[in-house]
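One structure below.
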Amino acid sequence: MLEKDWDSCIERIGRVQQIAGTNDRWIANVRNNCNAAKGGWGVKDYSDAQLAYTAVKFTIQEAIGSEVFLSEIQAEVIKIVDWLRSNNFSRLASQLQNEFTQAEIETAQLKTAQPVLPPSSSNGGSSGTCFFVDGFGTAVTNSHVVEGHANIEVIAPNGSKSSATIIKASSVLDVAVLATGHLTPQFLILAENGASVLGQDVFTIGYPVTNILGDNAKYSEGTISALSGLNNDDSWIQISTPIQPGNSGGPLVNESGQVIGIVTATAAVERFFAITGSLPQNINWAIKAEYARALIPETSSGKKFGNKQDAISHTEKSVCRVVAN
Numbered sequence: 041m042l043e044k045d046w047d048s049c050i051e052r053i054g055r056v057q058q059i060a061g062t063n064d065r066w067i068a069n070v071r072n073n074c075n076a077a078k079g080g081w082g083v084k085d086y087s088d089a090q091l092a093y094t095a096v097k098f099t100i101q102e103a104i105g106s107e108v109f110l111s112e113i114q115a116e117v118i119k120i121v122d123w124l125r126s127n128n129f130s131r132l133a134s135q136l137q138n139e140f141t142q143a144e145i146e147t148a149q150l151k152t153a154q155p156v157l158p159p160s161s162s163n164g165g166s167s168g169t170c171f172f173v174d175g176f177g178t179a180v181t182n183s184h185v186v187e188g189h190a191n192i193e194v195i196a197p198n199g200s201k202s203s204a205t206i207i208k209a210s211s212v213l214d215v216a217v218l219a220t221g222h223l224t225p226q227f228l229i230l231a232e233n234g235a236s237v238l239g240q241d242v243f244t245i246g247y248p249v250t251n252i253l254g255d256n257a258k259y260s261e262g263t264i265s266a267l268s269g270l271n272n273d274d275s276w277i278q279i280s281t282p283i284q285p286g287n288s289g290g291p292l293v294n295e296s297g298q299v300i301g302i303v304t305a306t307a308a309v310e311r312f313f314a315i316t317g318s319l320p321q322n323i324n325w326a327i328k329a330e331y332a333r334a335l336i337p338e339t340s341s342g343k344k345f346g347n348k349q350d351a352i353s354h355t356e357k358s359v360c361r362v363v364a365n
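Next comes the structure, spelled out in structure tokens:
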């Protein structure tokens, strides 16, 4: 292959990365491999170092919880850390080494102690909340609700059911986009990037613990407590909104009826437990909508409301229940 083709490879994979989400491990590794093939390990500018760092970082994040996976990637991590340090990228080398050390700690803690959480469904499957983002039945939920399941069903607010398939998903972001057979004149739009404000009033509507609380949508509200998540993770926001298993994947909505986050009830709690050894009290998290935007189809138009009650009513008609088994 001609050298100029490697530039094309890097550019095209970069475009795919923008579409599929910046935290996709496979795409980040492919892009890094294109760059390595172009210039070999002798290339020493910051963009080369950043590509290598990002690819390995996402690999480490996906390995958390698996001692086998961590053991398999350890040699590659050491290789990249040494390469970064030898080429005067000491800060990136230290950050990557810390990422791996933290992954080992969290994995060990997960092995010795697991939180006891209420089951999301009574049949061993998975149940959560989703919300429509266009008029053609495209729905968004958490990836941990649907990934790994052969059958996915989305139940619209009017009770109609449709099978669903995963269009895009990112396990790092914990976001999945589903195609359904529903026609959905009521749907939600994402707020502009940076719309989250400390102390802002927010709410969610979803389907928590349906085997106990019933299958009607439930409303809960709170405020934004912090503009980052665990370990200062900038892709999350911390909220005081009460969340239960089954709320996973639901929209976190501002008073104008726009989505500023995607509720995650399970993944964040398990990570919190792994780090602290205790379950969080009155603390919950949502994935910032701006981080999920690359996965979600752009909508040309949508509604913005002048009062909270209208926003609540519209959101109720735009959320759905997702069941996977």
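Residue 139 in this note's numbering sits at position 99 of the sequence shown, and the numbers go up by one each step. Ideal Cβ placement from N, Cα and C applies to all residues, glycine included.
(1) Assess contact between the stretch 183 to 200 and the stretch 230 to 244, defined as three or more Cβ pairs (one per stretch) separated by less than 8 Å. Is contact present?
(2) Do the stretch 226 to 234 and the stretch 332 to 351 make contact, defined as three or more Cβ pairs closer than 8 Å?
(3) Using DSSP's beta-bridge definition, name the partner residues of I302.
(4) Helix, strand or coil: how does DSSP classify D174 here?
(5) Looking at A219: is its Cβ nearer than 8 Å to the Cβ of T181?
(6) In this structure, does DSSP put K208 in helix, strand or coil?
(7) Could you have a look at E187 and say whether DSSP puts it in helix, strand or coil?
(8) Measure the alpha-carbon distance for I277 versus P291 and round it to whole angstroms.
(9) What residue does the beta strand (DSSP E) around Q428 start on, and which one ends it?
(10) Check D85 in the structure and name its three-state DSSP category.
(11) Considering only the beta carbon of each residue, do I264 and I302 sit closer than 8 Å?
(12) Using the beta-carbon count (16 or more within 10 Å), is G61 buried or exposed?
(13) For I245, which beta-bridge partners are listed by DSSP?
(14) For P225, which residues of its own chain have a beta-carbon under 8 Å away from its beta-carbon, when the five flanking residues on both sides are left out?
(15) List the residues that DSSP assigns as beta-bridge partners of L218.
(16) Specify the secondary structure class of Q278 as computed by DSSP and reduced to three states.
(17) Run through DSSP, which three-state label would N365 get?
(18) What span of residues does the alpha helix (DSSP H) with I252 cover, start to end?
(19) Hey, C360 and A103: beta-carbon distance below 8 Å or not?
(20) Does DSSP put S268 in a helix, a strand or coil?
(21) Provide the residue span of the alpha helix (DSSP H) that contains I120, from first to last.
(22) Have a look at L91 and A143 and give me their C-alpha separation to the nearest angstrom.
(23) Have a look at the DSSP bridge pairing and note the partners of L230.
(24) Using the beta-carbon count (16 or more within 10 Å), is N127 buried or exposed?
(25) Buried or exposed: Y247, going by 16 or more other Cβ atoms within 10 Å of its Cβ?
(26) Any idea what DSSP makes of I192, helix, strand or coil?
(27) DSSP three-state call for V359: helix, strand or coil?
(28) Should E139 be labelled buried (16 or more other beta-carbon atoms within 10 Å of its own) or exposed?
(29) What does a CB cutoff of less than 8 Å around A266 pick up in its chain, not counting 5 residues either side in sequence?
(30) Check each candidate in S288, W325, Q298, I300 and name the one with the smallest Cα separation from T250.
(31) Specify the secondary structure class of T94 as computed by DSSP and reduced to three states.
(32) Around the Cβ of Y259, are there at least 16 other Cβ atoms within 10 angstroms (buried) or fewer (exposed)?
(33) Which class does S366 belong to by DSSP, given the choice of helix, strand or coil?
(34) If we call anything under 8 Å between Cβ atoms a contact, is L136 one with Y93?
Reading off the structure:
(1) no
(2) yes
(3) P291, I327
(4) coil
(5) no
(6) strand
(7) coil
(8) 13 Å
(9) Within the shown structure, residues of the chain are numbered from 41 to 365, placing residue 428 beyond reach of any answer.
(10) coil
(11) no
(12) Any answer about G61 is weak, because its pLDDT of 48 lies below 50 and its placement is not dependable; what the coordinates show is given next. Flag for G61 reads buried.
(13) Y259
(14) G175
(15) A179, I206
(16) strand
(17) coil
(18) 250 to 253
(19) no
(20) coil
(21) 107 to 126
(22) 20 Å
(23) V299
(24) buried
(25) buried
(26) strand
(27) strand
(28) buried
(29) L238, I277, Q278
(30) S288
(31) helix
(32) exposed
(33) As shown, the chain starts at 41 and ends at 365. That puts residue 366 outside it, with no answer to give.
(34) yes
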